[in-house]
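Novice: Starting off with a structure, shown below.
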Amino acid sequence: MRYLLIGVKDFFMGIKDSKEIFFEKLIRITIYGGVFLIPLFFIPLSDRFLEFSKVILFYLLIILGVILWLIKIYLTKKINWRIRFLDILLLLFLLVYLFSSIFSVDKYNSFFGGDLSISNSFLTVFFLVLFYFLVSRFINNLKQLKLIFYSLIFVVFIISLIKVLVIWDLNFQFLISAVSINVFYFLLILAFILSGLLYLISEKKIVKISNLVLIVFFLIIIFLIDNQYLLLLLAISIFLFIFLLSFKSNYFSNKLVVALTLLLFLSVLVLILPVSNFTGLISPQQFDLPISFGWQITKSSLSGDLLLGVGPQNFSYSFYKYKPVDLNFTSYWQLGFEKNSNFVLENLNNLGVLGLLFGVIIVFVLYKRLFVYFRQIKILDDFKYKEFLILVGLCVIIASFIIWAFLNNFDFIIIYLFVLFLALTVAFLKKSVPANLLVNKNIINLFVYICLIIVLIFVYSGTRILAAEVYMEKVLVKNYSNLQDFEQAEDYLQRVLKYNPDYYDYNLKLANLLINKNIFLAENEQEYDEISLREKIFENLSLAIQKETKRIDYYIELKQSIDLLSDLGIKALETEEAINKNLIKLDPNNPELYIDRALLNFNKYLLIKANAQDLETEQIQRLLKKVQTDLEKSIELKNDYVLAYYNMGLYWQELGEEEKALSYIEKAYQLDPSQKLIILSLKKLYLNQDKVEQAKAILNRYLEFKPNDEEIRSMLEEL
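Each position in the sequence shown, counted from 1, maps to that position plus 7 in the working numbering.
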């Protein structure tokens, strides 16, 4: 009887263990699926879905992995809570991310993302930390690691092959759009390193030959692409591999070191003499923010909050607020950037010194552990040899991510892969970690139930936010060539507000849509209920203005909406004043904002002047004083600001002070003699004082800039 009971117990223990293994395999499948699918996954609604669709797929895979993990815990009634050397640091980094989001200038954008940009939100980083724990706990041996490596190599091979075929006018645009240019460049380096690593640790001849062919293939693509950063990273990666092999150089043949050194030499040679000059195979370059420009903005934004920065995903706020006024009238002035020049500056700007410090500590602790391992390992058999090579390869890959962070900004795929390789490195350095098991059934059951409830709540609320963002994307990609397009977009935005009513940005988007609809109907002379449409516009604008935020870009978009209204002949002076007041409060050193307020008050003065008989003269004098003060403040902030001097000249001209007007407009002319408005105003002032020759001189000089301007030529002939 006793033996029977033992047999039954062993049988049920076997079933229990098989369930545990089964769920572990399912969790690994979600990891493999993400590695293969995320780089290729693409919903071709617009380029803005380049990252959005991948992040959503990532969320779904992690939620599935976490649910499977919770089911495994529930069935086995045990929790392994082993703490590894990076676990606490990553959790502390997540805590910094949380605080930075809480004190962010735009909390919603920092926590959940906005306008389909969610790759750096707190929610995404939270899921990335969960992903780290899944990988570091469930990828345990060389076979599983190889599956991840081969999945990545296969994906990069597909994308690379199709990119080459596109040159021969074959249409594979849907796959080319699956990754950005910078991601493609980095994936090539990653695939090259992984192929080389698999070549060294593989035993079968056919596998070695296959990996060798892949190495040559990726090298050819890398050498044909005209990108200095890519070739520089290749050279540095080869150098690092040679350097790390030198820790145990006595084990390796000299042939390997000679081959790698030759490859390094060829890489450096290609840096000096680009092969693309001979092949004509040149990849398009992204239009990125210059590093010096990004550093200026970051330095300025940190003056507001050195420790926590402006908050995740708020670089556009920093760009609008701190872009240097020296770049006024340049192409950069009119552009908006969602990302900084590179990933290091991005994190410094958005997370402050504290976020960057934790990033540096994580990298330092990781490499310290790796170098201790390299120095202490004794290669006695084939297993230790492969283990050493794998960790050398992982070390080089992590270093490649760090170098790339100083050269470019990271798309979501690169952030995802960085966390993946971080987790793999930790997983393969776990040997000395003891097992700590929690087997209290009641606590485990309670833990699982609470986690499942949290997951369900997140899925419900997340689905609503996701639905709102998807409808928002449909609004953004429309052509708006007829009335039906506007009406359908309005319907989509009403659904957006239904799913996420607390996000006032949507009210602003709806107001802009209705303003553009009004302009479209007016231009096409179609009949419509103008009063009802304008009521909707002001209703949504009033809701948008109610939102109190530190985001300067939000108020700029509001201001643009008011400008669109003015094109329709609708004045909203009080609203414009409120926007301008908030802008100056947020950015008190921006000379443009003072000119905007001066022009606003000057327009009010002109309206009052037209009805002066009904109003006190004192009110006019107060307005004029405000105009003068703001223009003087603008000149004080930027003493070579053409627009400020020009407007100050117009101000004194309006008041009849022609001598003062002339001195200011002449100053504007000295700073920029190519502006037609300045020329016309200066010509008028010269003629008023009978200075005909001076008037001719400035007109002639203007023709040096614009020789085909017939209006100016006619003026010269008249003189």
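C-beta atoms are modelled at their ideal positions from N, C-alpha and C, and glycine is treated no differently. Model, not experiment: these values are computed from the prediction.
Where does D603 land, buried or exposed, given buried means 16+ other C-beta within 10 angstroms?
Specialist: That one is buried.
Novice: With L483 as the anchor, note down where its alpha helix (DSSP H) starts and where it stops.
Specialist: Per DSSP, L483 belongs to the alpha helix (DSSP H) from 448 to 483.
Novice: For R313 versus V360, is the C-beta distance shorter than 8 Å?
Specialist: This sequence places Leu at residue 313; Arg is not what is there. For L313 and V360, yes; Cβs fall inside 8 Å.
Novice: For K150, tell me which candidate among V62, V370, Y39, G301 has the shortest Cα-Cα distance.
Specialist: Selected option, being the one with the closest Cα: Y39.
Novice: If you follow the alpha helix (DSSP H) that L315 is in, where does it begin and where does it stop?
Specialist: Premise fails: L315 is in no alpha helix (DSSP H) and is neither H nor E.
Novice: Distance, Cα to Cα, G656 vs F493?
Specialist: Their backbone Cα atoms lie some 43 Å apart in a straight line.
Novice: Of the choices V466, S217, Y499, K212, whose alpha-carbon is the least far from that of L201?
Specialist: Nearest option by C-alpha distance: S217.
Novice: Applying the criterion that 16 or more other CB atoms from any shown protein chain within 10 Å of the CB defines a buried residue, is I13 buried or exposed?
Specialist: Unreliable placement is indicated for I13, whose pLDDT of 45 sits below 50; the coordinate value is still reported in the next sentence. I13 comes out exposed.
Novice: What whole-angstrom Cβ distance do L678 and D637 have, given they're in contact under 8 Å?
Specialist: Not quite, the Cβ-Cβ distance comes to about 19 Å (not below 8 Å), so this is no contact.
Novice: Mind pulling the beta strand (DSSP E) runs of 3 or more residues that sit fully within the segment 626 to 671?
Specialist: If we require 3 residues or more, the segment 626 to 671 turns out to have no beta strand (DSSP E) run fully inside it.
Novice: Less than 8 Å separating the beta-carbons of E82 and K170?
Specialist: Note on identity: in this sequence residue 82 is Leu, with Glu being the wrong assignment. No; because the gap between Cβ atoms is not below 8 Å, this pair is not in contact.
Novice: Would you call the segment 702 to 721 and the segment 679 to 686 touching, i.e. three or more CB-CB distances under 8 Å?
Specialist: Yes, since at least three Cβ pairs between the segment 702 to 721 and the segment 679 to 686 fall closer than 8 Å, the two stretches touch.
Novice: Should V163 go down as buried or exposed, given a rule of 16 or more other Cβ atoms within 10 Å for buried?
Specialist: The residue in question, V163, is buried, as its Cβ has 16 or more Cβ neighbours within 10 Å.
Novice: May I ask you to list the residues that DSSP assigns as paired with I86?
Specialist: I86 is bridged to L445.
Novice: Look at the alpha carbon of E717 and the alpha carbon of L710, and state the distance between them as a whole number of angstroms.
Specialist: Computed Cα separation, rounded: 10 Å.
Novice: What is the rounded straight-line gap between the Cα of R35 and the Cα of F134?
Specialist: Between R35 and F134, the C-alpha separation is close to 16 Å.
Novice: Going by C-alpha to C-alpha distance, which of F454, N148, F129 sits closest to I80?
Specialist: Selected option, being the one with the closest Cα: F454.
Novice: Out of A475, T556, E530, which has the shortest C-alpha to C-alpha gap to L517?
Specialist: When each option's Cα is compared against that of L517, the closest is A475.
Novice: Work out the CA separation of F49 and S209 for me, nearest whole Å.
Specialist: In a straight line, the C-alpha of S209 is about 33 Å away from that of F49.
Novice: Going by beta-carbon coordinates alone, are N608 and L590 separated by less than 8 Å?
Specialist: No; because the gap between Cβ atoms is not below 8 Å, this pair is not in contact.
Novice: Using DSSP with H/G/I as helix, E/B as strand and the rest coil, what is S573?
Specialist: It is helical.
Novice: Check each candidate in W659, L373, P319, L195 and name the one with the smallest Cα separation from V399.
Specialist: For the residues W659, L373, P319, L195, the minimum Cα distance to V399 belongs to L373.
Novice: Which one or two residues does DSSP pair with S124 in a beta bridge?
Specialist: In the DSSP output, where bridge partners are listed per residue, S124 has G121.
Novice: Whole angstroms are fine: how far does the CA of I409 sit from the CA of L352?
Specialist: Approximately 13 Å, taken between the alpha carbons.
Novice: Does the structure place the segment 424 to 435 close enough to the segment 133 to 148 that three or more beta carbon pairs sit under 8 Å?
Specialist: Yes, since at least three Cβ pairs between the segment 133 to 148 and the segment 424 to 435 fall closer than 8 Å, the two stretches touch.
Novice: Is the beta carbon of T582 closer than 8 Å to that of I538?
Specialist: No. Outside cutoff.
Novice: Would you kindly check if the distance between the Cβ of L550 and the Cβ of N514 is under 8 Å?
Specialist: Against a cut-off of 8 Å, the Cβ pair of L550 and N514 comes out as a contact.
Novice: For N321 versus D113, is the C-beta distance shorter than 8 Å?
Specialist: Contact flag set, yes.
Novice: Could you pull out every residue in the same chain whose Cβ sits closer than 7 Å to the Cβ of G287, ignoring the five residues on either side in sequence?
Specialist: For G287, the predicted model reports a pLDDT of 43, less than 50, meaning its position is unreliable and no value from the coordinates is stated.
Novice: For Y741, collect the residues of the same chain with a Cβ closer than 7 Å to its Cβ; drop the 5 residues on either side in sequence, then sort them by chain order.
Specialist: The question about residue 741 has no answer, for the chain in this structure spans 8 to 726.
Novice: Whose C-beta lies closer than 6 Å to the C-beta of N449 among residues of the same chain, with five residues either side of it excluded?
Specialist: For N449, where only same-chain residues beyond five positions count, there are no Cβ hits under 6 Å.
Novice: What's the C-alpha gap between E643 and Y601?
Specialist: When rounded, the distance between both Cα atoms is 11 Å.
Novice: Identify whether F435 lies in helix, strand or coil by the three-state DSSP scheme.
Specialist: The answer is coil: DSSP assigns F435 none of H, G, I, E or B.
Novice: Should S299 be flagged as near chain C, meaning a C-beta pair shorter than 8 Å?
Specialist: In summary, chain C is missing from the structure at hand, where a single protein chain is found.
Novice: Please classify N531: does DSSP put it in a helix, a strand, or coil?
Specialist: Looking at N531 - three-state DSSP - the assignment turns out to be coil, as it is neither helix nor strand.
Novice: My output table needs one value for T305: the three-state DSSP class, helix, strand or coil.
Specialist: Three-state result, T305: helix.
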